[in-house]
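Worksheet: one structure, shown below.
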Amino acid sequence: MEKSKKVGGMKRFLLESAGFLVTAFLFVIYMVPFALIFLNSFKMKRDIITNPFSFYAKKGYSLENYVKAFEKMDFVKAFGNSLMVTGLSTIAVIILAAMVAYYFTRSKNLFSTIMFSLMAASMIIPFQAIMIPLVSIYGAGLHVLNSRFTLIFMHTGFAMSMSVFIYHGFIKSNIPLSLEEAACIDGCTKTQTFFRVVFPLLKPTTTTLVILNVLAFWNDYLLPSLVLGRKQIFTLPLSTYAFYGTYSADYGVIMAALVMIVAPVLVLYLFLQKQIISGVIAGAVKS
Amino acid sequence: MKFKKVIAIIAVASMVMGMTAGCGSQETSPATDSTAEESTEETTETTESTEETETPAEESAQADLAGTEISFLNSKGEIQAALEEMAVTFEEETGISVEIIACGAGESPYTKITSAYNSGTAPTMAMLDTTDVVALAKEYAVDLSSEKWVSECENQVTKIDDKVYSFPFCVEGRGLIYNKGAIEETLGTTFDPATINSYDSLKKLLEDLRAAGMESPVVISKEDWSLAAHQLGFIYDTYDGTTAGSTELITKLKDGSLKVEDYERFEQFLTTLDLLLEYNINGEDPLGALYEQDPIFLADGDAAIWANGCWAWPNIADAGASADAEYGFLPFVLGNDTADFANNGIQASASKQVMIDAVQATDVQRAAAKEFLNWIVYEDSGQKMLVETAAIIPACSNNAYAALDPLGKDIQGRLESGKVFSSSFIAPSDHWSVLGASMQKYIAGESDKAGLASEIDAYWTSQK
Amino acid sequence: MGSMGRKKGEKIKNLLIFALPGCITFCAVVMVPFLYGFYLTLTDWDGVSKVKNVVGATNYLAVFQDAQFWSSMGLTLKYVFFSVILVNLLAFVLAYALTNGLKGQNFFRTGFFTPNLIGGVVLGFIWQFVFSRVLVNVGEATGWGIFSSSWLSDPGKAFWSLVIVTVWQLSGYMMLIYIAGFTTLSTDVLEAASIDGATGIQKIKSVMIPLMVPSFVICMFLTLSRAFMVYDVNLTLTGGEPYGTTRLVAMHVYEKAFTSRNYGVGQAEALFLFLIVACISGLQIYFGKRKEVEA
């Protein structure tokens, strides 16, 4: 990203330093809660409650919360379930949504207009308004609850509108029609054009959507709690249920669990960050 | 080029998956959830017959309950692990497997049971608050009137139209929790809780504590459920100390024939509440209280009295109190009549009710569920685990195990000596939320007695 | 632009391959339950009962009589207004700074994104501590009146606590979408602008902002809908307290349906909420599109 090494000298340097300082300051504020969670996940409950902001812990630091969380959540099994549900849902959403969005931008007919409006509108349906009808239809009506595949199907459906919406915006403004026509001058099919030309060009958007969707699926609590009724198929967030009492919560263990749940998403995020950058550089080199 | 092929393959695969996910899951569901499948299929045949032919069905099923799978919705999050342990022992002894289903964080049991009934995955047994059972019983619960345990738990069962639809799972009591050690240390004398039996005696105690250096001896939590369902609830429960009495009072409030400001208990209640607020450790900013911090004041001896119930023990223990420390209940004193039952006993009643599903479960499952309840009431291991593993105060008098924590012990002792009143007022489900807000306004000084009274009146008269 | 498919047969084939799988999934999960939910508002169903009687518009009339619904709607509008502006402002600035070769920008991006990973009870716990304890300690140390008591016990400040936590949580999310927008911006355009001698500010104003309009439309829309629908933060941070003054509309709807057990009315209120948000975001998209430049 060396694109703006131009004239400016001192002024530019000062501006950049100021920018850096402001960003760094905001960064610290943004990170504080997460740092606190990390810090407190090693403390015992009383120390957490009396002084969550202190490094000092009367009863000392220990890994006890992690051990307890790992065992009680049946972490390995829950991790596997989460991985499967999140992975398959994300793949399904990304591909289906990119195709739908591509169709909507390139085929302006009644069907795409209506469906696009419906999807945009659906994003503002409060989940509470669908919750009970949803379980009535899929539970009492079709008897398909208590299955990870139903959850994947539902995740895909719920995430569809936002993903289509975002893809739609970017395809429209950033993928020139002429490019497609040039790339497939010798008459390849639409499917080929899409997968060979359009989809690769969407990489930065795809990466963003992967992150957003993975995050949503991985952390979701409400929908899985409605769909998955049996412990064997619980996802990670569901499996933390045992740490919450009616009048109290086991904060140390909850925070340890949270760190373990969040860590994989952070790693994925860091990894995909590089992908975004290299994608852009590759694009720049070609042109 | 290879990369593109891979993408194409994934695309096709996921499309197929997307389209067939519905069918795919249909295939898998019998394997993953046999109970739900069975139960819903059977619903149509059994609904009409179950209610009348309860006993024969039970008898025929009794023979081979081993291997039956049932589920139990738990609404007391803090005993989830204990219940799971109990389920393991129960399965070892009977071969019946019980899955304990938890209500998640922030999810109300009622919402959970609502979605379960709608999705056809209702739990065989559900532990609910009395209000919820009253709302659901006639349509969804098995009539348990002829169960043997009804006689053991006579004083604690809830009757709806003279029928018993639920098993009283535990007794819970509330009042003013005191920390005896903190009081004695501050005052330098021994403290006899029995001496606190009137407004004046409580006032004297608080004055003495302040004079001896404990500036703010009282903790009042700001949570709406605590303020409305537990504190304000005393005005209903002390009408005459019985649930029937509280219902009578509520009927009068609903039809407007009694205004709460003309009701003596309300006057007494606010007088005591004002006293407590004067000594509240969360004093200047009572709504800035943190529920996690409140028990720490008590355990550390910064305060000596916390208006709460026996369910607060885990919090007090987490705050550092040991199980052999001396904690107990003072009555939430009302007025100066030392002969008043409200000043000599605390409120303690069955607070969680277990109902058995009459609609979606099979006969065999229902019989297994009854077996589970009998195990808790009659089997030694069930009795023992209920009290010692789950730290529950049993509602049935035949269970002789002693509670392990001081608050439980206090209530058990009071149940034996009769120093309790068992009224458990039944209010609409939003009572705690609506009047909780009114109570918060009052303790924050945003409204006065007249304001609070008019909101209470308005709430009740707006009920159908 | 009828570039897709010259013949009718091909058109249908494209429709089948591209649009149908996604659209069917969407309809099955979202639209069908939504329509069924609409039917339920016309009945007197209480959420569990086996009996459903069609009662017509009764529930909708009840919505108009529910003063609390409208007052929480008013509060929500105020909340949405401030959240949308602050979230987008901050997200845009951050995205700009973090796509411009700032040192350690990957690291920063990750940091700004982490608030999204924290939800539920833990989020409430941490922030409650900040607003009711840390700020009070700061107040004691500095003597500043604004920090003298817990922010969560004062209706006005509790409202701002909600806005602050929302901004903290959503800006990193929107930042990500703006970043995608910035990185997809053709580098040529920027290079060309620089060669023409455009300075930083000019570059932003005349080149970038117009090209970023699609990202704006998307982010504004997402923030609008998230803010209108906010429930988790509301529940865990203030729980509607103090005395019910911070109960936003989604929480009111939920309580109406499940705590007050007025399922039909709650469902009808959810539909009202839907209609109101639909109008507002419809307008927003309409005006956004008019500003959009064809790239």
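Chains C, B and X, in that order, are what the protein sequence lines are.
Here this note's numbering is used: position 75 in the first sequence is 91, and no number is missing along the way.
Here this note's numbering is used: position 364 in the second sequence is 463, and no number is missing along the way.
Here this note's numbering is used: position 152 in the third sequence is 160, and no number is missing along the way.
C-beta atoms are modelled at their ideal positions from N, C-alpha and C, and glycine is treated no differently.
The structure displayed is predicted, hence computed values, not measured ones.
Asked, Found
"Opening and closing residue of the beta strand (DSSP E) in which N407 (chain B) lies", "404-408"
"Cα-Cα separation between T213 (chain B) and D54 (chain X), rounded to whole angstroms", "10 Å"
"Under 9 Å from the C-beta of S177 (chain C): neighbouring residues of chain X", "F34, V38"
"Stretch pair the segment 205-223 of chain C + the segment 107-123 of chain C: three plus CB contacts closer than 8 Å", "yes"
"Limits of the unbroken beta strand (DSSP E) element including M226 (chain B)", "224-228"
"Residue of X:Y181, X:T244, X:F190, X:F100 minimising C-alpha distance to N190 (chain C)", "X:F190"
"P250 (chain X) versus Q539 (chain B): straight-line alpha-carbon distance, rounded", "7 Å"
"Beta-bridge partners of L112 (chain C), as assigned by DSSP", "Bridge partners of L112 (chain C): none, in fact."
"Endpoints, the alpha helix (DSSP H) within which A99 (chain X) is located", "75-105"
"Reduced DSSP secondary structure (H/G/I, E/B, other) of L54 (chain X)", "The amino acid occupying residue 54 (chain X) in the given sequence is Asp; Leu does not appear at that position. Coil, per DSSP."
"Residues, ordered as in the chain, of the segment 540-562 of chain B that lie near chain X by beta-carbon distance below 8 Å", "K540, A543, E545"
"Exposure label - S241 (chain C); buried when at least 16 CB within 10 Å", "buried"
"Any C-beta of chain X under 8 Å from that of L55 (chain C)", "no"
"Close beta carbons around E184 (chain B), own chain, < 8 Å, minus the five adjacent residues each side", "M484, T488"
"Residues from the segment 217-244 of chain B in contact with chain X, defined by Cβ distance under 8 Å", "N217, A234, L235, E238, Y239"
"Residue from C:I270, C:M271, C:F169, C:F259 with nearest C-alpha to G103 (chain C)", "C:F169"
"is_contact[T122 (chain X), chain B] using C-beta, thresh 8 Å", "no"
"Chain X residues whose Cβ lies nearer than 9 Å to that of Q208 (chain C)", "Within chain X, no residue comes near Q208 (chain C); the closest Cβ sits about 11 Å away, beyond 9 Å."
"Nonlocal neighbours in the same chain, by C-beta distance under 6 Å from L472 (chain B), ignoring five residues either side", "F266"
"CA nearest to the CA of V101 (chain C), picked from C:P68, C:L252, C:T129, C:K290", "C:L252"
"Rounded C-alpha distance that separates V92 (chain C) from V215 (chain X)", "50 Å"
"Per DSSP, cross-strand counterpart(s) of G427 (chain B)", "B:Y277"
"Under 7 Å from the C-beta of R117 (chain X): neighbouring residues of chain C", "Q289"
"Chain C residues whose Cβ lies nearer than 7 Å to that of L48 (chain X)", "P149"
"Boundaries (first-last residue) of the beta strand (DSSP E) holding A449 (chain B)", "445-455"
"Beta carbon of I140 (chain C) nearer than 8 Å to that of F236 (chain X)", "yes"
"Close Cβ partners of M220 (chain X) (< 6 Å) along its chain, the five nearest in sequence each way excluded", "G189"
"Buried or exposed by the 16-neighbour rule on C-beta atoms within 10 Å, applied to F368 (chain B)", "buried"
"Cβ separation of G252 (chain X) and T51 (chain X), assumed to be a contact under 8 Å, to the nearest whole Å", "Not really, about 29 Å apart at Cβ, beyond 8 Å."
"Environment of C202 (chain B) [buried if 16+ CB atoms lie within 10 Å]", "buried"
"Per DSSP, cross-strand counterpart(s) of P260 (chain C)", "Note that residue 260 (chain C) corresponds to Tyr in the displayed sequence, not to Pro. Y260 (chain C) is bridged to C:A265."
"Straight-line Cα distance separating T66 (chain X) from T224 (chain C)", "45 Å"
"Inter-residue spacing [alpha-carbon to alpha-carbon] between I217 (chain X) and A136 (chain C)", "23 Å"
"Close Cβ partners of Y77 (chain C) (< 7 Å) along its chain, the five nearest in sequence each way excluded", "F58, K59"
"Minimum C-alpha distance to Y500 (chain B) - residue among B:Y477, B:T371, B:E383", "B:Y477"
"Completely contained alpha helix (DSSP H) runs for the segment 481-519 of chain B, where each covers 4 or more residues", "505-516"
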